[in-house]
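A quick write-up on the structure given underneath.
In the numbering used here, the protein residues as written are 27 to 311.
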């Protein structure tokens with residue numbers, strides 16, 4: 027049986043609009059395109075991983091409402107197995123309102139995170155790690171993230187951390203992490219350098235800087251990975267796509283740095299289209 031990858035973390039519903047330039051305050055604006063799909067770091071990463079051919083399992087919090095059903099259908103349509111830790115919950119998942127400006131390929135997101143959802147961890151979730159090539163956690167549901175990362179460490183399954191903005195749970199997750207792929211603004215308290223983050227536990231720390239080179243450090247070395255130049259129109263979800271495709275390449279047997287390099291190329295090309303799914307159609311065409 028081929029190895030799969032487990033993703034544990036946030037699911038949202040993304041409502042995105044493509045405009046030429048960001049709107050002014052108190053104005054009405056006509057969008058060029060709109061896009062609606064499931065979102066969130068772990069969810070987007072799971073879809074990206076599955077798009078490249080590696081089986082993906084998403085452990086998240088959805089519930090029973092109509093919005094949760096929209097998210098679930100989207101994810102399952104893309105070949106991801108969904109495990110809902112809150113199947114009886116009646117509250118709605120977070121909804122992200124997103125404006126993408128094509129002139130700068132940048133986006134502005136207004137949303138709530140997973141902090142308003144109590145997503146419990148139970149020991150039976152750990153069986154999804156059987157024959158897993160990796161576990162990715164984004165830290166948005168702390169109990170699930172810590173429980174799954176602890177179980178993965180015991181089972182010898184590599185733990186990949188999606189590290190965006192600093193969250194208190196990362197203090198407990200970093201010692202359980204094998205590979206941390208971080209946003210440029212990620213900085214744990216008391217650290218001043220990428221090597222300081224590496225010293226907290228991960229064997230590899232990679233920091234993305236948008237269109238600029240990816241900075242990395244291991245226990246033995248540090249350096250830069252060049253980012254492919256593209257004509258970007260939308261950076262929405264590019265980091266999530268990098269995380270998910272990294273996990274795919276890790277599952278195929280590539281070493282850590284080669285997996286980052288290959289994933290970076292896919293993530294860069296994803297910015298040439300609007301939304302977090304169109305790149306998959308381009309990949310398959």
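Glycine is no exception: its CB is placed at the ideal position from the N, C-alpha and C atoms.
For clarity, every value in this text was computed on a predicted model and none was experimentally measured.
Is the beta carbon of residue 269 sitting closer than 8 Å to the one on residue 188?
-> yes
Margin query: Three or more C-beta pairs under 8 Å: does that hold for the segment 280-297 against the segment 56-63?
Written below: no
For residue 287, which residues in the same chain have their Cβ closer than 8 Å to its Cβ, ignoring the five residues on either side in sequence?
251
>> Can you give me the C-alpha to C-alpha distance between residue 240 and residue 34, rounded to a whole angstrom?
In response: 24 Å
Notebook entry, point to check: Apart from the five residues just before and just after residue 217, which ones in its own chain have a Cβ nearer than 6 Å to its Cβ?
Noted result: 223
Open item on the list: Does residue 88 pass the burial test, meaning 16 or more other C-beta atoms within 10 Å, or should it be called exposed?
Closed with: buried
Decide if the segment 105-114 is in contact with the segment 132-148; the criterion is three or more beta carbon pairs, one per stretch, under 8 Å apart. yes
Margin query: On the CB-based measure, 16 or more other CB atoms within 10 Å of its CB, does residue 72 come out buried or exposed?
Written below: buried
May I ask you to verify whether the segment 36-53 touches the segment 233-247, counting CB pairs closer than 8 Å and requiring at least 3? no
For this session: Take every Cβ of the segment 78-98, pair it with every Cβ of the segment 51-59, and state whether three or more of those distances are shorter than 8 Å.
Result: no
Measuring only the C-alpha atoms, how far is residue 300 from residue 260?
6 Å
Do residue 247 and the ligand SAM come close, with the Cβ less than 7 Å from some heavy atom?
-> Only the bare structure without any ligand can be found here, which leaves the ligand SAM out of the picture.
**Message:** Let me check understanding here. Comparing Cα to Cα, which of 125, 30 and 266 lies closest to residue 327?
**Reply:** Lying before the first or after the last residue shown, residue 327 is absent from the chain, which here runs from 27 to 311.
*residue 91 (DSSP reduced to helix, strand or coil)*: coil
_Limits of the unbroken beta strand (DSSP E) element including residue 24_ = The requested residue 24 is not part of the displayed model; the chain covers only 27 to 311.
Considering just the uninterrupted stretch of the beta strand (DSSP E) at residue 248, what are its terminal residues?
248-251
- Thinking C-beta only, is residue 183 closer than 8 Å to residue 161? yes
- For residue 159 versus residue 29, is the C-beta distance shorter than 8 Å? yes
Q: Using three-state DSSP, classify residue 166 as helix, strand or coil.
A: coil
Close-in-space but distant-in-sequence residues of the same chain around residue 254 (CB under 6 Å, 5 per side omitted): 291 and 294
*Counting along the chain, where does the alpha helix (DSSP H) carrying residue 269 start and finish?*
264-277
Check: Buried or exposed: where does residue 313 fall if 16 or more other Cβ atoms within 10 Å of its Cβ makes it buried?
Finding: Past the edges of the chain, shown from 27 to 311, lies residue 313, and the structure says nothing about it.
Buried or exposed: residue 46, going by 16 or more other Cβ atoms within 10 Å of its Cβ? exposed
Using three-state DSSP, classify residue 195 as helix, strand or coil. coil
task: Starting from residue 106, follow its DSSP beta bridges and name the residues at the other end.
output: 82
Helix or strand or just coil, what does DSSP make of residue 140?
helix
Run the CB neighbour count on residue 134, radius 10 Å, all protein chains shown included, and call it buried at 16 or more, exposed below. exposed
Give me, in chain order, the residues of the same chain whose beta-carbon lies closer than 8 Å to that of residue 67; leave out the 5 immediate sequence neighbours on both sides. 35, 36, 164, 166, 188, 190, 265, 266 and 269
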